[in-house]
Amino acid sequence: MALAATRSRAQLTDVSAGVNGPEPVGGHRPPLQRGLRKSYLRKTRRHSAAGLKQPDSSILADQFLAEVRGLKYKNVAAELLAKLLGDENRVRSKRNLVQSREFSEMLKKTLNAYHNRAIATQEVIEELIKLAKEMSAATQRGVDLGLNDDEVAFYDALATNNSAVGAMGKDELKVIASELVTQVRKSVTIDWTVRESARAKIKVMVKRIRRKHGYPPDLQDEAVKTVLSQAELLCADWAA
């Protein structure tokens, strides 16, 4: 039993590092787990075939999470959840810098606690389900704000400093985010990643848009770094 638990914790450590963990002890997955994994793979294949860039929210749906929570083998449930959330966050990492960093840190912290035996298997399952719900809520928040994925990414970058949110309000940050998407997209070139002049132009543009909308001057330097990093992330995707 102790050996099985140790192996299970090692599997989750592999997942947190972005590596597919080995098969469960004995080399055979229980039928229910195989069924859930097949269901997950079908969803992700459809997701990819459709060319969708936002995460597949059905993976984070309450019904699916309840199925995973109800698995007989709790170490299997924990491994599966960790794998799903890791995959989900890798999708976000290509589009939303702030969200992916935040969720990556939360996932790493939870799995490290499990690996270090600070929390039990059932506890890690509940923590991972909580993280899944936060990911789902983040997706819904963009819908509620009336922003598309690219605009949400810039909005999150702009809102990393709570003082800016308080000083300007959500509506003004939404306007800035929308303008950033429009203007930065116009500046993207196929070879932008190897052209320092293009990167410098985007940096100047970001600063100009911030000043235009009265973004607090004392917060600009720190915030510009985050927004510029977000711009570069999206530019790489747009130019691909």
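Residue numbers (our numbering): 58 to 297.
Glycine included, each C-beta is placed from N, C-alpha and C at the ideal position.
Quick caveat, the model's predicted, so the values are computed rather than measured.
{"Check": "For residue 159, the nearest candidate out of 128, 293, 210 (CA to CA)", "Outcome": "210"}
{"Check": "Cβ shell of residue 240 (< 8 Å), same chain only, five flanking positions each side left out", "Outcome": "262, 266"}
{"Check": "As assigned by DSSP and simplified to three states, the class of residue 172", "Outcome": "helix"}
{"Check": "Euclidean distance between Cα positions of residue 170 and residue 122", "Outcome": "21 Å"}
{"Check": "Residue 164 to residue 254 span [Cα, whole Å]", "Outcome": "37 Å"}
{"Check": "Collapsed DSSP secondary structure at residue 35 in the structure displayed", "Outcome": "With the chain represented from 58 up to 297, any question about residue 35 goes unanswered, as that position is not in the structure."}
{"Check": "Cα-Cα separation, residue 218 to residue 229", "Outcome": "14 Å"}
{"Check": "Residue nearest to residue 271 in terms of C-alpha spacing, selected from 154, 148, 232", "Outcome": "232"}
{"Check": "First through last residue of the alpha helix (DSSP H) which encompasses residue 196", "Outcome": "178-202"}
{"Check": "Endpoints, the alpha helix (DSSP H) within which residue 212 is located", "Outcome": "206-215"}
{"Check": "Host alpha helix (DSSP H) of residue 153 (start-end)", "Outcome": "Premise fails: residue 153 is in no alpha helix (DSSP H) and is neither H nor E."}
{"Check": "C-beta contact flag for residue 188 and residue 142 at 8 Å", "Outcome": "yes"}
{"Check": "Buried/exposed call for residue 137, threshold 16 Cβ in 10 Å", "Outcome": "buried"}
{"Check": "Alpha carbon of residue 282 to alpha carbon of residue 176, nearest angstrom", "Outcome": "36 Å"}
{"Check": "Collapsed DSSP secondary structure at residue 132 in the structure displayed", "Outcome": "helix"}
{"Check": "Residue 118, DSSP secondary structure in three states", "Outcome": "coil"}
{"Check": "Residue 222, enclosing alpha helix (DSSP H) - first and last residue", "Outcome": "219-225"}
{"Check": "Minimum C-alpha distance to residue 221 - residue among 172, 280, 194, 200", "Outcome": "280"}
{"Check": "Rounded separation between residue 186 and residue 292 - CA only", "Outcome": "32 Å"}
{"Check": "N-terminal and C-terminal residue of the alpha helix (DSSP H) that residue 244 is part of", "Outcome": "Note, residue 244: premise wrong, no alpha helix (DSSP H); not H, not E."}
{"Check": "Member of 194, 193, 167 whose CA lies at the smallest distance from the CA of residue 181", "Outcome": "167"}
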